[in-house]
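Numbering follows numbering that gives the first Met the number 0, in which position 58 of the sequence shown is assigned residue number 57; successive positions increment by one, without gaps. Notes to accompany the following structure.
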Amino acid sequence: MNEMIPDSRFGEANGSPQSVLDSVANNCSPEQIRDMAASLLRLADAIDQRWQPPSGNGMFRWPSLLSRIEREAYNLAQKAREEYQRRRSRAEHLPASILAEPAWDMLLELFQQHAGGAKVSTKSLCIASCCPTTTALRYISELEDAGLVHRTASEYDKRVTFIGLTEEGVLAMGGYLMDR
């Protein structure tokens, strides 16, 4: 499991984590490295919760807006990802501090992960918010107070808490994205 598969983008890594990190540092932009870090946190979350791809059975069985959102979840998640990326690209032209909307960034991330059936750790969600951790935690509490998200403890690591969209949060985000 410790053996790494060489990737031509990163040169000839000898398999050690340090050589992979050195190759990444030499061949990737800071933005690409940040994207990889976020992906690694999502992967850790998925491994922590022993995530499996969704089965053919839907979560919501009755015809409703919720079931429509579920049927379109992957397409809507793509829209959420595109919106998140557009928001990140604005920072290339304008000061990020005047464009900050951490709660919205969190909701976009949560919807993307919901569509794939994965949970998001508090730490991953704080990173997705692109703001200081204390600010992100305050926004998570506000989203929870608004009934849009809920917290659940990890079964396997009591230090980890997962944040997920509530049914109301799925309806709100799915409805918004369906209108886009």
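Even glycine gets a Cβ: it sits at the ideal position worked out from N, Cα and C.
L64 and G168 have their alpha carbons spaced roughly 12 Å apart. The beta-carbon distance between E108 and Y83, rounded to whole angstroms, is 7 Å. This is short enough to meet the 8 Å contact definition.
DSSP, reduced to helix, strand and coil, places V159 outside both helices and strands of the structure shown, so it counts as coil. Membership of A79 in any beta strand (DSSP E) is not indicated; the residue belongs instead to the alpha helix (DSSP H) covering 72-89. L176 counts as buried, since at least 16 other C-beta atoms from the protein chains shown sit within 10 angstroms of its C-beta. Taking 8 Å as the upper bound for CB-CB distance, Y138 and A79 are not in contact here, some 17 Å apart. Per the coordinates, the alpha-carbon of S28 lies some 12 Å from the alpha-carbon of S22. In this structure, the beta-carbon distance from R89 to L75 does not fall below 8 Å. Taking A43 as reference, the option from T160, D178, A114 with the minimal CA-CA separation is T160. According to the DSSP assignment, A135 belongs to the alpha helix (DSSP H) that extends over 132-144. In this structure, the CA atom of C129 is about 31 Å from the CA atom of S66.
By the CB criterion at 8 Å, G146 and T165 fall inside the cutoff. The C-beta distance from L124 to M105 rounds to 5 Å, short enough to fall under 8 Å. Cβ contact annotation for T151 (same chain, cutoff 6 Å, sequence separation greater than five): F161, in chain order. The continuous alpha helix (DSSP H) containing T121 extends over residues 121-127. In the three-state reduction of the DSSP assignment, A117 falls in the coil class, being assigned neither a helical nor a strand state.
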